[in-house]
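Heads up, the sequence shown is in this note's numbering, so the first residue is 12 and it goes up one at a time. We put the beta carbon where it would ideally sit given N, CA and C, even for glycine. Values in this document were obtained by computation on a predicted structure and should not be read as measured data. Have a look at the structure below, then the notes.
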Amino acid sequence: MKGTIKKYLSSIVYGGSDGAVSYFTLMAGAYGAGLSIKMLIAIGVSNVVADAFSMATADYLSEDSKVNVTFKEEETSAIVTFISFILIGCFPLAPSLYAYYTLPADATLPLSMFILSTILTLVGFTYIGYLRGKILGRNIYRTVVQSIIICSISAGIAYYLGEYIAKLIS
Numbered sequence: 012m013k014g015t016i017k018k019y020l021s022s023i024v025y026g027g028s029d030g031a032v033s034y035f036t037l038m039a040g041a042y043g044a045g046l047s048i049k050m051l052i053a054i055g056v057s058n059v060v061a062d063a064f065s066m067a068t069a070d071y072l073s074e075d076s077k078v079n080v081t082f083k084e085e086e087t088s089a090i091v092t093f094i095s096f097i098l099i100g101c102f103p104l105a106p107s108l109y110a111y112y113t114l115p116a117d118a119t120l121p122l123s124m125f126i127l128s129t130i131l132t133l134v135g136f137t138y139i140g141y142l143r144g145k146i147l148g149r150n151i152y153r154t155v156v157q158s159i160i161i162c163s164i165s166a167g168i169a170y171y172l173g174e175y176i177a178k179l180i181s
């Protein structure tokens, strides 16, 4: 099992990292701009699925560009990327879905749900960092912190840019 995970670790990290960053940064930007939960869900779900497919095809083409890689390996790598993107991408999406079913659809995402989404995103990145450290025999603390820092920078950019643009156009 560890050998299989190691073989596809780059696809797990590639898909999972981008899944969490993609949805969380979209959600952070939407929260900063004050978009409704309904809009956030519509944009978020379509974005997660479309981006997962895009990442999977990019992984497939990347693997296809390597020498001595079989079709089965390319296909498996793409599937692993897609699944990892969706699964880890759903971590920050979960609070938005909960808010959608418990609040009026035209309401904006409450701060508590934004904070929960932030925490779940950090959990996703902690898992990715832990997996990288464990499988590669690296310092787990270092790989977890590295993953969290990358996520935080991306999310901060999206949030403040969304807030700034919302002020510019209002």
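- Reducing DSSP to helix, strand and coil, say where Thr119 ends up. strand
- Message: Could you check whether Ile99 and Gly14 sit closer than 9 Å to each other, using their CB atoms as the reference points?
- Response: For Gly14 and Ile99, no; Cβs fall outside 9 Å.
- Per DSSP, Ser47 is paired with what? Thr119
- Task: Following the continuous alpha helix (DSSP H) through Tyr171, name the residue where it begins and the one where it ends.
- Result: 151–180
- With distances taken Cα to Cα, identify the nearest neighbour of Leu46 among Phe125, Arg153, Thr132, Ser165. For Leu46, the closest of Phe125, Arg153, Thr132, Ser165 by C-alpha to C-alpha distance is Phe125.
- Message: Whole angstroms are fine: how far does the CA of Tyr175 sit from the CA of Gly43?
- Response: 8 Å
- Message: Are the CB atoms of Ser88 and Tyr19 within a distance shorter than 9 Å?
- Response: yes
- Query: Are Met38 and Pro115 closer than 9 Å when you measure CB to CB?
  - Reply: no
- Message: Rounding to the nearest angstrom, what Cα-Cα distance links Tyr71 and Cys162 in this structure?
- Response: 24 Å
- Item | CA-to-CA distance, Ile159 to Val59, given in whole angstroms | 20 Å
- Val78 by DSSP, collapsed to three states: which one? Of the three classes helix, strand and coil, the one that applies to Val78 here is coil, per DSSP.
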